[in-house]
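Contents: one structure, followed by commentary.
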Amino acid sequence: MFKNKSYIGISFIILIFGIYAVPKIVDRIKNGDVVKGNRLDNVGSKSSKDAKLLTIGPAPKFELTNQDNVKISNETYKGKVYVLEFFFTTCPSICPKMNMSMLEIEKTFFGNPNFGIVSITIDPVHDTPQVLKDHAKLLGVKSASWNFLTGDKATIMDLSNKGFNLYAGENSKVNGGFEHSGLFALIDKDGNIRCRKDEFGNPNIYYDGLDKKGVRDIQQDIKILLEE
Numbered sequence: 001m002f003k004n005k006s007y008i009g010i011s012f013i014i015l016i017f018g019i020y021a022v023p024k025i026v027d028r029i030k031n032g033d034v035v036k037g038n039r040l041d042n043v044g045s046k047s048s049k050d051a052k053l054l055t056i057g058p059a060p061k062f063e064l065t066n067q068d069n070v071k072i073s074n075e076t077y078k079g080k081v082y083v084l085e086f087f088f089t090t091c092p093s094i095c096p097k098m099n100m101s102m103l104e105i106e107k108t109f110f111g112n113p114n115f116g117i118v119s120i121t122i123d124p125v126h127d128t129p130q131v132l133k134d135h136a137k138l139l140g141v142k143s144a145s146w147n148f149l150t151g152d153k154a155t156i157m158d159l160s161n162k163g164f165n166l167y168a169g170e171n172s173k174v175n176g177g178f179e180h181s182g183l184f185a186l187i188d189k190d191g192n193i194r195c196r197k198d199e200f201g202n203p204n205i206y207y208d209g210l211d212k213k214g215v216r217d218i219q220q221d222i223k224i225l226l227e228e
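Residue 1 is where the sequence shown starts when you use UniProt numbering, and the numbers rise one by one after that.
Right, here's the structure in full:
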C-alpha cells in the first residue's frame with residue numbers, strides 16, 4: 001500500500017513539473033533560444049579570449065636605406081601595422097614564393113595608410129638601392145609603404161639572426177650563395193611582435209610565407225591589429 005502511494009506521489013510530481021516546464025521549453029524552441037544557455041555563452045567568450053593575439057615583445061630597432069635612397073627605421077612605421085621579411089633579389093629558391101605571398105598581402109591591404117611592408121636584403125653588396133628599386137618595379141609593387149632595405153652587411157645579419165632570430169647566412173654550396181628563413185614577422189602599431197597560438201596554446205611567433213595557411217593566418221591577424 002505504502003509502495004503504491006509512493007509511485008502515485010512521484011507521478012504527481014512529474015505531472016506538475018511537466019505542466020510547468022514543457023510550455024517554457026516549447027517557447028524557447030520557437031524563439032530559437034535553446035542553444036543560448038549560460039554554459040554556451042561562457043564557451044563563446046572563452047573562444048574569443050583565446051583568439052586574442054599574443055605580444056612577444058618589442059621588435060628589434062633598425063635604420064637602413066630604401067630603394068629611393070631614403071633612411072627608413074622602425075620609427076618610420078610607428079603607428080602602423082607591418083610585415084617584415086629577409087630576402088635577396090637573386091634568390092633562386094624560396095624568395096619568388098615569398099614575393100608572391102607578400103604581393104598577395106599588399107593587394108589585400110592596398111591603400112590602407114596604417115599598413116606597411118618591410119623587405120630587408122641579406123645580400124646588400126649586390127642589392128643596392130637601385131637594384132632594389134628595379135626589383136620592386138619588376139614585381140609590380142604599388143604601395144608607397146613597402147620599403148626594400150639595404151645597408152651594412154654585418155648589421156643586417158645581426159638584425160636577422162640575433163634580433164629577430166630568423167636564420168640568414170652565406171653558404172657557397174647552395175644555389176644563390178645565401179640561406180635564409182621563409183618566415184614573416186608581424187609587428188603592431190606600438191612596435192611589438194605579435195602572433196597567434198598554435199593548436200596546443202603555444203606561440204607561433206612567425207608566419208610561414210611559403211604556405212597558403214601561413215599567408216591566410218597573417219592576413220587575418222593584420223586585420224585584428226588594424227582594429228586595435
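A virtual CB, placed ideally from N, CA and C, is assigned to each residue, including glycine.
Keep in mind that this is a model prediction, so the values were computed, not measured.
Helix, strand or coil at residue i [DSSP, three-state]
i: P203; result: strand
i: L186; result: strand
i: P92; result: coil
i: N114; result: coil
i: residue 229; result: Since the first residue shown for the chain is 1 and the last is 228, residue 229 is missing from the structure and cannot be characterised.
i: T222; result: A quick correction: the sequence has Ile, not Thr, at residue 222. I222 falls in the helix class under three-state DSSP.
i: I122; result: coil
i: V215; result: helix
i: N192; result: strand
i: L210; result: coil
i: F178; result: strand
i: E228; result: coil
Beta-carbon separation (whole angstroms), residue i vs residue j, contact threshold 8 Å
i: S181; j: L149; result: About 16 Å; that fails the 8 Å criterion.
i: F115; j: V81; result: 5 Å
i: P203; j: I56; result: 7 Å
i: Y206; j: F184; result: 6 Å
i: I224; j: L53; result: 6 Å
CA nearest to the CA of residue i, picked from the options
i: N69; options: A168, G209, D127 and K142; result: D127
i: D123; options: F87, P92 and F115; result: F87
i: residue 301; options: S93, T55 and I72; result: The structure shown does not extend to residue 301, since the chain is modelled only from 1 to 228, so the question has no answer here.
i: K107; options: R216, I224, G177 and L225; result: R216
i: K153; options: N112, N161 and W146; result: N161
i: V83; options: S172, K137 and E104; result: E104
i: G79; options: K197, R196, G191 and I222; result: G191
i: K137; options: F164, Y167, S172 and N99; result: N99
Distance CB(residue i)-CB(residue j) smaller than 9 Å
i: G214; j: S145; result: no
i: L186; j: N112; result: no
i: E85; j: G209; result: yes
i: Q67; j: L132; result: yes
i: N147; j: T76; result: yes
Any chain B beta carbon closer than 9 Å to residue i
i: I205; result: Reference to chain B is not applicable here, since this structure consists of a single protein chain.
Original post:
Residue ranges of each alpha helix (DSSP H) run of no fewer than 4 residues wholly in the region 123-173, ordered along the chain?
Top reply: The region 123-173 is shown to contain whole alpha helix (DSSP H) runs of 4 or more residues at 129-139 and 153-158, in chain order.
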